[in-house]
């Protein structure tokens with residue numbers, strides 16, 4: 002093996018890089034050089050952060066698996082694994098929770114590449130071997146392997162540092178050994194940028210918290226989840242917090258949203274729906290069966306459920322179906338100062354406050370005018386809203402065609418357009434992001450010629 | 015009912031894609047040469063097809079993964095590579111035969127001009143590319159479902175041919191004896207009805223469609239309906255031939271589906287013949303789309319490339335590359351004058367004969383894996399049926415393989 006070009010951590014003298022496929026099948030020799038077995042698999046313990054060290058070697062004899070703890074290993078080289086004992090007491094191997102087999106559970110399985118934001122298959126694994134050294138390094142003790150070799154020497158370590166997803170990695174495993182050496186692959190994904198999927202190794206219960214994944218943008222999480230199987234998607238969703246789960250759902254297509262929500266525990270589904278924008282929640286609920294929809298609404302917070310129920314009455318392709326009830330309305334008698342306090346005290350603040358709507362009072366909500374944050378900030382704090390609000394408003398009734406609504410918004414350059422009932426009551430607003438989707442040219446939405454639809 | 019309509023697709027499409035151009039030729043030969051004598055195999059074939067397709071469908075719904083995904087994850091890389099290479103080779107050869115089917119059927123439908131195929135074959139190749147690449151799985155599936163409609167023409171053709179229903183009923187008592195050619199035909203029927211790409215396709219399609227184990231009971235029903243419809247179509251084709259060419263003693267001359275459509279004309283009329291050709295067209299188009307698509311799914315899944323028609327072309331270049339290559343290659347090769355198409359089909363059958371036993375054994379092994387399937391693994395009774403069916407299928411496909419290989423060396427049974 003070539004010496005490592007760049008290796009993580011201190012004390013890298015003599016470090017070598019290995020491929021898992023190259024380690025499997027190597028001999029295990031005792032102190033005297035006697036070959037006693039062949040490597041069948043390597044064990045690591047699942048933990049977050051850093052590169053996991055190999056904690057033991059699995060070998061087979063007489064149809065049984067045996068385990069040799071890593072602390073028995075003296076060195077690793079081209080001739081195989083060398084133990085520092087003459088005798089080994091082989092323990093029968095049985096998997097414990099949290100223990101992972103590199104060959105069985107990781108090689109050839111799907112993992113999430115957090116940097117590339119995609120699902121990949123591991124074609125080979127890369128490991129870094131650090132032989133025992135004289136200088137005790139600070140990093141070695143932190144690995145938890147202890148100072149087994151004793152007397153100021155650090156123990157040798159074998160760390161899982163990355164996975165190889167390239168086609169050359171496959172070739173290397175398929176070609177006869179004489180030709181293997183010629184196959185090079187340069188791109189390896191760092192193990193710290195990998196998120197494993199516990200559902201990929203159903204034989205063992207792995208506790209993976211998916212904290213790393215939760216840090217990605219919801220749109221990226223949604224993209225990743227779209228590439229996963231339903232079991233894998235379910236697993237990831239379990240670990241996202243409600244707010245991230247809601248944002249992620251909003252980024253997905255309706256069909257997948259419904260699939261995921263139906264598979265979820267109902268209480269949890271209701272929690273996520275509460276976090277979603279009411280219009281998105283309503284659109285999603287509209288695709289479910291009536292029974293399921295009522296059940297989820299029942300479990301939701303009463304106020305949130307009421308908003309969603311209101312939106313559910315409208316057709317998907319009219320302004321009512323497009324609108325959201327997430328808006329800021331204030332009585333026109335409020336002063337600019339009070340408006341700022343009011344916004345500060347709101348429990349549910351809309352993602353973006355496009356405009357502030359002035360109504361007669363918060364009960365009847367008859368729309369009288371509108372203003373925006375900038376105007377409120379610049380107005381005299383004592384000035385009442387009715388003194389500086391705009392009264393010439395564009396509004397649409399809830400039955401207005403959705404596309405027509407979008408056209409009005411683009412014509413008047415509006416960020417949001419109020420939807421008003423026949424009695425002048427403010428029902429909701431259509432926001433520019435939802436309207437935009439309707440105005441984008443067809444090719445952006447990747448549609449087939451509508452011959453069969 | 016609504017839930018049932020929502021899952022409608024993979025089962026029906028996969029089973030009908032099995033009735034491809036080569037399949038229609040085989041059913042035509044079986045009816046033309048042996049009349050009603052092979053009708054009894056149809057119920058047996060239906061059960062076998064359901065058993066095999068159901069297991070693949072169940073795995074797709076429970077694991078959310080394609081068959082190649084599971085093979086790669088649970089068998090060695092070498093086995094996976096061998097399977098993928100053989101599947102890709104067999105499917106490539108079969109795509110050529112599907113485009114030959116498009117050529118022959120459009121020639122019959124548009125007045126017999128030989129040159130017409132130089133227009134229709136490239137046009138249909140492009141059309142299939144457009145339908146599959148420009149949208150979502152749902153839209154592509156709608157096209158596939160639409161392509162199964164021409165199959166209904168075979169039922170009308172069969173009815174117009176006025177089959178002897180008494181003979182049909184009497185033929186239900188299985189008879190095997192007679193010439194060796196009869197045995198060869200029986201084995202060929204099985205080989206053409208149950209082909210590896212059907213299992214690969216149904217599992218990938220169900221996984222991509224996102225059918226879950228919760229919705230699986232609807233999917234199972236669809237698999238059954240699809241399989242029954244596919245075998246009934248095969249039966250209709252056999253009846254067409256039995257009632258006309260076989261009854262008049264001229265069945266020996268039928269070797270291809272196009273000859274069958276032509277031969278039908280004097281007996282059942284132009285309309286029946288046209289419907290027969292339209293059926294061949296639909297069948298060739300459907301299999302012409304499904305074969306490249308299932309190859310692209312299989313290879314992509316096995317080697318970790320992005321798959322799925324939900325992706326844009328630049329998001330899944332390998333997937334669309336394989337799909338496009340098979341379409342283009344199949345269409346182009348078909349247009350080369352004087353190519354021995356029959357030889358290609360025989361070669362494809364030989365490869366499938368090697369492939370099917372491996373695929374079926376892999377399916378049974380995977381579907382019995384408790385870690386993978388949980389409570390959805392085979393029950394003891396179903397397992398006996400499944401293993402029995404697969405034992406028979408493996409034996410027959412091995413016999414078929416032997417016969418075909420002997421045939422290549424000029425030894426006919």
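Residue numbers (this note's numbering), protein chains in the order written: chain A, 2 to 454; chain B, 15 to 427.
Note that CB positions come from ideal geometry on N, CA and C, so glycine has one too.
On a predicted model such as this, the values are computed, not experimentally measured, just so you know.
Query                                                                                                                                                                       : Result
What is the DSSP secondary structure of residue 364 (chain A), counted as helix, strand or coil?                                                                            : coil
Using the Cα positions of residue 308 (chain B) and residue 294 (chain B), report the straight-line distance between them to the nearest angstrom.                          : 21 Å
Any chance the segment 70–85 of chain A sits against the segment 102–116 of chain A, with 3 or more Cβ pairs inside 8 Å?                                                    : no
When burial is assigned at 16 or more other CB atoms within 10 Å of the CB, is residue 140 (chain B) buried or exposed?                                                     : exposed
Taking DSSP as the reference, what is the three-state secondary structure of residue 41 (chain B)?                                                                          : helix
Could you run through the segment 103–115 of chain A and flag, in chain order, every residue whose CB is less than 7 Å away from some CB of chain B?                        : 109, 110
Tell me whether residue 174 (chain A) is buried or exposed, calling it buried when 16 or more other Cβ atoms sit within 10 Å of its Cβ.                                     : buried
Beta carbon of residue 329 (chain B), beta carbon of residue 83 (chain B): below 7 Å?                                                                                       : no
Mind checking residue 111 (chain A): buried by the 16 CB within 10 Å criterion, or exposed?                                                                                 : buried
Got a sec? Which residues, its chain only, sit under 7 Å from residue 145 (chain A) by beta carbon, not counting five neighbours each side?                                 : Only weak support is given to the placement of residue 145 (chain A): the predicted model assigns it a pLDDT of 44, under 50, and the question is left unresolved by the model.
Please name the residue, chosen from A:343, A:285, A:358, that lies closest to residue 323 (chain A) on a Cα-to-Cα basis.                                                   : A:285
Of all the CB atoms in chain B, is at least one closer than 7 Å to the CB of residue 260 (chain A)?                                                                         : yes
Can you name, in chain order, every residue of its own chain whose Cβ lies under 8 Å from the Cβ of residue 163 (chain B), other than the five neighbours on each side?     : 296
Under the three-state reduction of DSSP, which class applies to residue 78 (chain A): helix, strand or coil?                                                                : strand
On the CB-based measure, 16 or more other CB atoms within 10 Å of its CB, does residue 79 (chain B) come out buried or exposed?                                             : buried
Compute the Euclidean distance between the alpha carbons of residue 255 (chain B) and residue 44 (chain B), then round it to the nearest angstrom.                          : 8 Å
Along the segment 73–99 of chain B, what residues have a CB closer than 7 Å to any CB found in chain A?                                                                     : 77, 78, 79, 86, 87, 91, 92, 95
Determine the chain B residues that contact residue 171 (chain A) at a beta-carbon separation under 9 Å, and present them in chain order.                                   : 91, 95, 317, 318
Which residues in chain A sit within 7 Å of residue 226 (chain B), going by Cβ to Cβ distance?                                                                              : 231, 260, 264
Take the Cβ of residue 202 (chain A) as the centre, count every other Cβ of all protein chains shown within 10 Å, and call the residue buried at 16 or more, exposed below. : buried
Chain B beta carbons: is any one of them nearer than 7 Å to that of residue 122 (chain A)?                                                                                  : yes
Of all the alpha helix (DSSP H) runs that stay within the bounds of the segment 280–352 of chain A, which reach a length of 4 or more residues?                             : 291–300, 303–313, 320–323, 337–346
Taking Cβ-Cβ distances shorter than 7 Å, what residues in chain B pair up with residue 198 (chain A)?                                                                       : Correct list: empty, because the minimum Cβ distance to chain B is about 11 Å.
Would you call the CB atoms of residue 1 (chain B) and residue 106 (chain B) closer than 7 Å?                                                                               : Beyond the ends of chain B as shown, which are 15 and 427, falls residue 1 (chain B); an answer cannot be given.
Looking only at DSSP bridge pairs, what is residue 226 (chain B) linked to?                                                                                                 : Answer is none; residue 226 (chain B) lacks a bridge partner.
Residue 356 (chain B): buried (16+ other C-beta within 10 angstroms of its C-beta) or exposed?                                                                              : exposed
Out of curiosity, what's the CA-to-CA distance linking residue 424 (chain B) and residue 93 (chain A)?                                                                      : 58 Å
Is residue 320 (chain A) closer than 7 Å to residue 397 (chain A) when the C-beta atoms are compared?                                                                       : yes
Suppose only complete runs of 3+ residues qualify. What are the beta strand (DSSP E) ranges in the segment 14–93 of chain A, listed by chain order?                         : 17–20, 28–30, 36–46, 55–62, 65–70, 74–78, 81–84
CB-CB under 7 Å to residue 409 (chain A), same chain, minus the five flanking residues each way: which ones, in chain order?                                                : 395, 397, 418
Consult DSSP for residue 149 (chain A) and reduce its assignment to one of helix, strand or coil.                                                                           : At residue 149 (chain A) the pLDDT is 44, less than 50, meaning the model places this residue with poor confidence; the figure from the coordinates comes in the next sentence. Residue state, collapsed to three classes: coil.
On the three-state DSSP scale, how would you describe residue 180 (chain A)?                                                                                                : helix
Would residue 175 (chain B) pass as a contact of residue 258 (chain B) if the rule is Cβ separation under 7 Å?                                                              : yes
Quick check: what's the CA-CA separation for residue 424 (chain A) versus residue 388 (chain B)?                                                                            : 58 Å
Cβ of residue 431 (chain A) within 7 Å of Cβ of residue 399 (chain A)?                                                                                                      : no
Please list, in chain order, the residues of the segment 61–73 of chain B that have any C-beta partner in chain A closer than 9 Å.                                          : none
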